[in-house]
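Visitor: Dumping the structure here so I can ask a few things about it.
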Amino acid sequence: MAYSTNEMMTVAAARRLKNGAVCFVGIGLPSKAANLARLTSSPDVVLIYESGPIGAKPSVLPLSIGDGELAETADTVVPTGEIFRYWLQGGRIDVGFLGAAQVDRFGNINTTVVGDYHQPKVRLPGAGGAPEIAGSAKSVLIILKQSARSFVDKLDFITSVGHGEGGDSRKRLGLPGAGPVGIITDLCIMEPEEGTHEFVVTALHPGVTREQVAAATGWAIRFADQVHTTAAPTDVELTALRDLEARTAAAHGQAPGEA
229 MAYSTNEMMT VAAARRLKNG AVCFVGIGLP SKAANLARLT SSPDVVLIYE
279 SGPIGAKPSV LPLSIGDGEL AETADTVVPT GEIFRYWLQG GRIDVGFLGA
329 AQVDRFGNIN TTVVGDYHQP KVRLPGAGGA PEIAGSAKSV LIILKQSARS
379 FVDKLDFITS VGHGEGGDSR KRLGLPGAGP VGIITDLCIM EPEEGTHEFV
429 VTALHPGVTR EQVAAATGWA IRFADQVHTT AAPTDVELTA LRDLEARTAA
479 AHGQAPGEA
């Protein structure tokens, strides 16, 4: 099957979720990738959303954390306070799956403003539970489309801390867990370099060149000594993803591709 760059990104992100992992899911691209993982490679992944559903198994993608589909399909629903205090801060979340408007070379995330905080060019959706997820989950995955506007040398605002200023910055901040372990984009996969914790390219998606990645990055991106090629999506993965998107579009009255 032919596939789009967005489909490649979603499939590549879904593959990063291990079967049986407890995953705290953000709305949007993270939710799409996490649910694709549940429908394909990781049927026993446990999806948690900050509104309280644990073990959610939505048949369509949720519009928000308050979407009834999440609670109706969950194994149980608990108060939001319990999600954060007992599950997240208690060290029971294996993976936090987050999106971003901007990300820097150390995996710090901005979802607050573009431009000056007091007179922003764009006011973004805000933090939600992302700062707590980024700070307390055992590991974090980040998914977003890649451009020089989203992969920036300096964030306009740090909403969620990744590896801070690099090196042992995260440890000095007293944050538990490994922090961001992967950034998955429509062009490539990045992982933190040992020691510096600067994100470097470890895999290029099929047909993508190093020059394309460099042009879509706002800092002097570096490449690992060995850069692999991401395996193309399988027919099974593409069929599951497209069926999920089609169900979502029909349920929410969207045009195809908006899900």
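Residue 487, in our numbering, is where the sequence shown stops; the numbers in between run on with no holes.
Where a beta carbon is used, it is the ideal one built from N, C-alpha and C, also for glycine.
1) Among Leu298, Val350 and Asn338, which residue has its Cα nearest to the Cα of Gly356?
2) Could you give the DSSP three-state label for Asp453: helix, strand or coil?
3) For Thr467, name the three-state secondary structure that DSSP assigns.
4) Do you know how far the Cα of Asp463 is from the Cα of Ile411?
5) Between which two residues does the alpha helix (DSSP H) containing Thr301 stretch?
6) Strictly by DSSP, which residues pair up with Val274?
7) Could you give the first and the last residue of the continuous beta strand (DSSP E) run that contains Pro353?
8) Could you check whether Ile293 and Glu278 sit closer than 7 Å to each other, using their CB atoms as the reference points?
9) Going by alpha carbons, who is nearest to Lys382 out of Ala431, Gly405 and Val331?
10) Whose C-beta lies closer than 6 Å to the C-beta of Val239 among residues of the same chain, with five residues either side of it excluded?
11) Rounded to whole angstroms, how far is the Cβ of Ala302 from the Cβ of Leu372, which I believe are closer than 8 Å?
12) For Ala478, count the other beta carbons within 10 Å of its own beta carbon; 16 or more makes it buried, fewer makes it exposed. Which is it?
13) What three-state label does DSSP hand Leu415 in the structure shown?
14) Thinking C-beta only, is Leu326 closer than 7 Å to Gly363?
15) Exposed or buried, Asp396, counting other C-beta atoms within 10 Å across all chains shown (16 or more means buried)?
Guide: According to the structure data:
1) With distances taken between Cα atoms, Gly356 lies closest to Asn338.
2) Reduced to three states, the DSSP call for Asp453 is strand.
3) helix
4) 24 Å
5) Gly296 to Thr301 is the span of the alpha helix (DSSP H), which, as asked, contains Thr301.
6) Looking at the DSSP assignment, Val274 forms a beta bridge with Val250.
7) Pro353 -> no beta strand (DSSP E), and no H or E assigned at all.
8) yes
9) Val331
10) Pro461 and Glu465
11) Incorrect: roughly 26 Å between the Cβ atoms, too far for contact.
12) For Ala478, the number of other beta carbons within 10 angstroms of its own is below 16, and it is reported as exposed.
13) coil
14) In this structure, Leu326 does not lie closer than 7 Å to Gly363 by Cβ.
15) Only exposed fits Asp396, as fewer than 16 other CB atoms lie within 10 angstroms of its CB.
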